[in-house]
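Mapping to the UniProt record's numbering: the sequence shown position 129 is 129, numbers consecutive.
Where a beta carbon is used, it is the ideal one built from N, C-alpha and C, also for glycine.
In this text, all values refer to a predicted model and were calculated from it rather than measured experimentally.
Some notes on the structure that comes next.
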Amino acid sequence: MSIDLSLTRIRRLFSLLPLYRRPTIHVAGTNGKGSVTAILSSIFTASHISVGRFNSPHLIHVWDSICINDRIIPEEMYRSIRKEVERVNAYHLVEATNFEILTATAAQIFEQSSVDIAIFEVGLGGKHDATNALPDDVIIASAITSIDLDHQQFLGNTISSIAKEKAGIARKGRPCILGYQNHSEVANVVNNAVQSVGGHLYPALKVKPHPNSPSNGSDYQIVSVLFHPWGVELELKFPLLGSHQLENLGTALSVLGIIMKENSNTQVGTVLDRVSPSTLCSGVLEAKWAGRLERIFLNDPYVSVLVDGAHNSASATALQEYLMKITPTHKTGILQSHSEREHRTFIIGLSHSPMKQPAATLSPLLRPGDKVAVVLFNDVEDMPWVKNVPPKEVVNVVRDLTNDGEVEVFDETPSDQLHLDRLKRALYWAADRVQENEEIVLCGSLYLVADFYKLALQQGYVHK
């Protein structure tokens, strides 16, 4: 079944299942929404607030979309509750899509587990996404992260049309936090949408790097932020890398601060009283979001891989900015200009879901002299509409951007049933070309990232 944006089926399915009553934070956006959910979930977990988190797409297994207290739920729990959701769906002829069934399953798991707070990441868009069928009165806050061009065939071809769709998660009488935006028109569109439903729009906090924050490849950033509920300046160690993650941290802290203020005399407020400066700092320090500027060390081949799910122009630009930040010149140690960074070795696979031109994603990233392995990712469980961009299309763009730099295609499927052998061959190819102390950059699609993690799991990597 392909993507079908409609709330009719999921609303009917919700009406046939046990009532969902968990206080819920709802997050939409083009880039950064998963990071915001991960930061909030980590803070709540550190504060001994039980929290359910729903993200999509899944990384390795379908059930890793659903976490409780920052731990992937057991497969047995997932299959048991999904089986009941599917029974109701079939008995009443609802004909819900796979994503709608997954969303309903997550809601039922959180309800049966009586989590204190649930966090739902929008799957696609906002207004017409299955997660937007959650009852209005359980939403304690909505958040909208950075908006850019993506999924245009579903959301429209302009920033304004996409922003309007994503702002459709705003609820009457509830706060909606707007994260940092690269496009000036977003604020006005979102403000109009929020006002039209009687919601309250808040800008996200500004988070600034601390003067003592390390650079050049450190595994954390030090930031400072004024946290309004306590009126104190907090100094935080933050492990999610890249300047764009500071924007996501600001959005997450804004959501936390506003729900603490607006629920001070409620049962939710009593739960939120468990958050202290100490637990907030611990939660930020422990925040993890797999596949986003994450370094993984492999033994076979013996190499370091910088893994990032950058799959559109905006996220590719953020990845390129990070690569520039960590790449000094050999001669002077001075950071180079955007066009002058050292040659890099990439492993890239692109998805045709959404339909996009390879140049839109790769132009911000690739430079003359870069070496690129083009790889097909495996079929995605429960998402049969997800397809690879044909390698020939990717190769043509790569050769143009790298001035006929070295490129190799790994598209034949060996006998390996998980199709991981071609990725392993690509890793060996890339490992032969990186310089000493250089890392391979793997990017272009979260589905390729998922294949990489499956390979890493075989070598002892632990996905939590």
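Query raised in the report: Would DSSP call A170 helix, strand or coil?
Result: Three-state result, A170: coil.
Query raised in the report: Taking only runs of the alpha helix (DSSP H) that begin and end inside the region 234 to 285, which ones reach a length of at least 4 residues, in chain order?
Result: 243 to 262 and 267 to 272
Query raised in the report: Starting from N299 and walking both ways along the beta strand (DSSP E), at which residues does that stretch end?
Result: Looking at the DSSP string, the run of the beta strand (DSSP E) that includes N299 is E294 to N299.
Requested in this report: In angstroms with no decimal places, state the Cα-to-Cα distance between L285 and P239.
Outcome: Computed Cα separation, rounded: 6 Å.
Requested in this report: Could you check if F297 is buried or exposed, using at least 16 other CB atoms within 10 Å of its CB as the buried criterion?
Outcome: exposed
Report task. My understanding is that V375 touches I347, with C-beta atoms under 8 Å, so please give their C-beta distance in whole angstroms. Result -> 6 Å
Query raised in the report: Below 8 Å between beta carbons: does that hold for H128 and L7?
Result: yes
**Report entry** E100: first and last residue of the uninterrupted alpha helix (DSSP H) it sits in
**Finding:** N98 to Q112
Requested in this report: Reducing DSSP to helix, strand and coil, say where P391 ends up.
Outcome: helix
Query raised in the report: Using the beta-carbon count (16 or more within 10 Å), is T24 buried or exposed?
Result: buried
Query - Beta-carbon contacts of G126 that lie in its chain and below 7 Å, excluding the five residues immediately before and after - result: A28, N132, E165, K166, A167, G168 and I169
**Report entry** Bounding residues of the beta strand (DSSP E) (the contiguous stretch that carries L201)
**Finding:** H200 to P203
Query raised in the report: Would you call the CB atoms of R82 and C67 closer than 8 Å?
Result: no
**Report entry** Segment limits, beta strand (DSSP E) that includes R53
**Finding:** First-last of the beta strand (DSSP E) with R53: V51 to F54.
Requested in this report: Go to P175, then tell me how far its beta strand (DSSP E) extends in each direction, as first and last residue.
Outcome: P175 to L178 is the span of the beta strand (DSSP E), which, as asked, contains P175.
**Report entry** Local conformation of N403 per DSSP, three classes
**Finding:** coil
Report task. Classify P368 as buried or exposed, calling it buried when 16 or more other Cβ atoms lie within 10 Å of its own Cβ. Result -> P368 is exposed by the Cβ-count criterion.
Query raised in the report: Apart from the five residues on each side of it in sequence, which residues of its chain come closer than 6 Å, Cβ to Cβ, to L226?
Result: Beyond the five residues adjoining it in sequence on each side, L226 comes within less than 6 Å, by CB distance, of E233 in the same chain, given in chain order.
**Report entry** Backbone CA spacing between V275 and F44 [nearest angstrom]
**Finding:** 7 Å
**Report entry** First through last residue of the alpha helix (DSSP H) which encompasses L19
**Finding:** Run containing L19: none; DSSP gives neither H nor E here.
Query raised in the report: If you draw a straight line from the C-alpha of A430 to the C-alpha of E121, how long is it?
Result: 34 Å
Query - Bridge partners - H26, DSSP secondary structure assignment - result: F120 and S142
Query raised in the report: Of the choices T158, I159, R171 and I147, whose alpha-carbon is the least far from that of D136?
Result: The residue with the shortest Cα to Cα distance from D136 is R171.
Query - Pick from G257, F410, V372 and S15 that is closest to D404, judged by C-alpha positions - result: Between D404 and the set G257, F410, V372 and S15, the nearest pair of CA atoms involves V372.
Query raised in the report: To the nearest whole angstrom, what separates the beta carbons of residue 470 and A106, a pair I think is in contact under 8 Å?
Result: Since the displayed the chain opens at 1 and closes at 464, residue 470 lies outside it and no answer follows.
Query - Local conformation of Q195 per DSSP, three classes - result: helix
Query raised in the report: Exposed or buried, W385, counting other C-beta atoms within 10 Å across all chains shown (16 or more means buried)?
Result: exposed
Query raised in the report: So what's L367 in DSSP terms, helix, strand or just coil?
Result: A small correction: the amino acid at residue 367 is Arg; Leu does not occupy that position in the sequence shown. It is coil, neither helix nor strand.
Report task. Using the Cα positions of G333 and G309, report the straight-line distance between them to the nearest angstrom. Result -> Bear in mind that the predicted position of G333 carries a pLDDT of just 41, short of 50, making it unreliable; the figure below should be weighed with that in mind. Spanning the two alpha carbons is a distance of roughly 28 Å.
Query - Cut-off 7 Å between Cβ atoms - residues of its own chain near H210, not counting five sequence neighbours on either side - result: Short of 7 Å from the beta carbon of H210, and not among the five residues preceding or following it, lie these beta carbons of its own chain, in chain order: I222, V223, S224 and E235.
Query raised in the report: Which stretch, first to last residue, makes up the beta strand (DSSP E) that contains residue 466?
Result: As displayed, the chain neither begins before 1 nor continues past 464, which places residue 466 out of reach and without an answer.
Report task. Give the single residue among H26, I72, S15 and I109 whose Cα lies nearest to the Cα of A96. Result -> S15
Query raised in the report: Taking DSSP as the reference, what is the three-state secondary structure of L226?
Result: strand
Query raised in the report: Apart from the five residues on each side of it in sequence, which residues of its chain come closer than 6 Å, Cβ to Cβ, to A252?
Result: V36, I39 and L40
Query - Same chain only: Cβ atoms within 7 Å of L401, ignoring 5 sequence neighbours per side - result: L362, S363 and L366
Query raised in the report: Using DSSP with H/G/I as helix, E/B as strand and the rest coil, what is I334?
Result: The predicted position of I334 is uncertain, since its pLDDT is 41 and thus under 50; no value can be drawn from it.
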